[in-house]
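Written below as structure tokens is the structure these notes are about.
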């Protein structure tokens, strides 16, 4: 890396990947929400352990995706702050 | 169709539609971003968001694991209800998601292409030249890709795979020199699920840690021949990831971000060639390839 322009460009390249990752996470959360609804409708009334486990895992997946998204927002802010100082 | 069968079909559909592929895409994009920033940090004290991206990646990994547990739980329920049906799991399809063009993947508009490629062009080309041994095109001369020009990493992967299949290092160099840094670095994000699937097809089962030696034997000679400048450690890390070998950090300095991207794309081409498939099979809408038993030569190694 030789110049400020190149450093900035490299950070931008990384941020572009983050931005695409964020879009994929948002799309995944939407799809997950739909899956949760259709499973809840199909399995309404079941007390089978596996059903409880499926619901719990889906909620956990959603929570992890939410936390993932929040962490990326902080990361982007830090990276942008860095490029602003260059 | 009975009510019970209908319920089974509904549950199978819900399980198949869980966003495992999208989470996998997100995970690879975040890893790729982390790799670039970690490499930049070698020259700076600023964290540049790398620890946060590490956290984000861990959350995405946990989300992926939770989705798989949910799928297993649904399968358990179906079996308990006498609806297990099919024998043998369908091969995983995350690779298709990874290779879909961005707008299709996210249902959103065109991603903004920043002019990063312009500023990073020489940086990317210099590293490609070191890895492939093929010099960058001279000033004012544009490298001519053999296929259609595209800023799409999945399209680049198909072109690279075709070059690898032909065993043509010059063509490989031309394809890699012809794209901007962003598209080239994007290879690191699109290849992991593809590699996992191809390795699974070659081995005849889901890649496991004990398959590292077999994959290394199957790939390292050709990877080395096409990329004389790549470090053996890069290929080793890629094979470890394919085989889900626990990550060994051991204070290793981050490598050049282009190394992983380029080597992963060449490894993809090598595995495709070992399977006797052409680059067209990397189309996300291509028919499901026939999964065969372990390659005869591999079985005895």
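Protein chains in written order, with my numbering: chain A, 1 to 86; chain B, 1 to 301.
Note that beta-carbon positions come from the ideal geometry of N, C-alpha and C, so glycine has one too.
Distance CB(residue i)-CB(residue j) smaller than 8 Å
{"i": "residue 187 (chain B)", "j": "residue 261 (chain B)", "result": "yes"}
{"i": "residue 130 (chain B)", "j": "residue 24 (chain B)", "result": "no"}
{"i": "residue 267 (chain B)", "j": "residue 223 (chain B)", "result": "yes"}
{"i": "residue 65 (chain A)", "j": "residue 63 (chain B)", "result": "yes"}
{"i": "residue 46 (chain B)", "j": "residue 82 (chain A)", "result": "yes"}
{"i": "residue 120 (chain B)", "j": "residue 13 (chain A)", "result": "yes"}
{"i": "residue 79 (chain A)", "j": "residue 11 (chain A)", "result": "yes"}
{"i": "residue 33 (chain B)", "j": "residue 21 (chain A)", "result": "yes"}
{"i": "residue 22 (chain B)", "j": "residue 61 (chain A)", "result": "no"}
{"i": "residue 185 (chain B)", "j": "residue 36 (chain B)", "result": "yes"}
{"i": "residue 67 (chain B)", "j": "residue 11 (chain B)", "result": "no"}
{"i": "residue 154 (chain B)", "j": "residue 101 (chain B)", "result": "yes"}
{"i": "residue 54 (chain A)", "j": "residue 73 (chain B)", "result": "yes"}
{"i": "residue 36 (chain A)", "j": "residue 58 (chain A)", "result": "yes"}
{"i": "residue 272 (chain B)", "j": "residue 198 (chain B)", "result": "yes"}
{"i": "residue 239 (chain B)", "j": "residue 216 (chain B)", "result": "yes"}
{"i": "residue 84 (chain B)", "j": "residue 165 (chain B)", "result": "no"}
{"i": "residue 50 (chain B)", "j": "residue 60 (chain B)", "result": "no"}
Span of the alpha helix (DSSP H) around residue i
{"i": "residue 202 (chain B)", "result": "187 to 203"}
{"i": "residue 246 (chain B)", "result": "Per DSSP, residue 246 (chain B) belongs to no alpha helix (DSSP H) and is neither H nor E."}
{"i": "residue 260 (chain B)", "result": "257 to 274"}
{"i": "residue 70 (chain A)", "result": "49 to 85"}
{"i": "residue 12 (chain A)", "result": "4 to 42"}
{"i": "residue 15 (chain B)", "result": "3 to 16"}
{"i": "residue 179 (chain B)", "result": "Where residue 179 (chain B) is concerned, there is no enclosing alpha helix (DSSP H), given that its DSSP letter is neither H nor E."}
{"i": "residue 154 (chain B)", "result": "153 to 165"}
Reduced DSSP category for residue i - H, G, I as helix; E, B as strand; rest coil
{"i": "residue 49 (chain B)", "result": "coil"}
{"i": "residue 135 (chain B)", "result": "coil"}
{"i": "residue 32 (chain B)", "result": "helix"}
{"i": "residue 208 (chain B)", "result": "coil"}
{"i": "residue 25 (chain B)", "result": "helix"}
{"i": "residue 308 (chain B)", "result": "Outside the shown range of chain B, which is 1 to 301, sits residue 308 (chain B), and nothing can be said about it."}
{"i": "residue 127 (chain B)", "result": "helix"}
{"i": "residue 54 (chain B)", "result": "helix"}
{"i": "residue 100 (chain B)", "result": "coil"}
{"i": "residue 83 (chain B)", "result": "coil"}
{"i": "residue 282 (chain B)", "result": "helix"}
{"i": "residue 214 (chain B)", "result": "helix"}
{"i": "residue 71 (chain B)", "result": "helix"}
{"i": "residue 277 (chain B)", "result": "coil"}
{"i": "residue 288 (chain B)", "result": "coil"}
{"i": "residue 122 (chain B)", "result": "helix"}
{"i": "residue 42 (chain B)", "result": "coil"}
{"i": "residue 108 (chain B)", "result": "Confidence at residue 108 (chain B) is low in this model, with a pLDDT of 40, below 50, so the placement of that residue should be treated as unreliable; the coordinate-derived value is given next. Residue 108 (chain B) falls in the coil class under three-state DSSP."}
{"i": "residue 20 (chain B)", "result": "helix"}
CB-CB length for residue i against residue j, believed under 8 Å
{"i": "residue 190 (chain B)", "j": "residue 235 (chain B)", "result": "So it is not a contact: roughly 18 Å between Cβ atoms."}
{"i": "residue 269 (chain B)", "j": "residue 160 (chain B)", "result": "6 Å"}
{"i": "residue 14 (chain B)", "j": "residue 38 (chain A)", "result": "5 Å"}
{"i": "residue 123 (chain B)", "j": "residue 6 (chain A)", "result": "6 Å"}
{"i": "residue 30 (chain B)", "j": "residue 9 (chain B)", "result": "Not confirmed; about 35 Å, so no contact."}
{"i": "residue 221 (chain B)", "j": "residue 133 (chain B)", "result": "No, residue 221 (chain B) and residue 133 (chain B) are not in contact; Cβ-Cβ is about 16 Å, not under 8 Å."}
{"i": "residue 177 (chain B)", "j": "residue 218 (chain B)", "result": "Not confirmed; about 28 Å, so no contact."}
{"i": "residue 128 (chain B)", "j": "residue 264 (chain B)", "result": "Actually they do not touch by this definition, with Cβ atoms about 14 Å apart."}
{"i": "residue 244 (chain B)", "j": "residue 209 (chain B)", "result": "7 Å"}
{"i": "residue 71 (chain A)", "j": "residue 126 (chain B)", "result": "33 Å between Cβ atoms; not a contact."}
Near the ligand MG: residue i beta-carbon under 7 Å from a heavy atom
{"i": "residue 53 (chain B)", "result": "Annotation note on the ligand MG: not contained in the displayed structure, which lists no ligands."}
Original post:
Of all the alpha helix (DSSP H) runs that stay within the bounds of the stretch 220 to 244 of chain B, which reach a length of 4 or more residues?
Top reply: For the stretch 220 to 244 of chain B, whole alpha helix (DSSP H) runs of length 4 or above, ordered along the chain, are 232 to 242.
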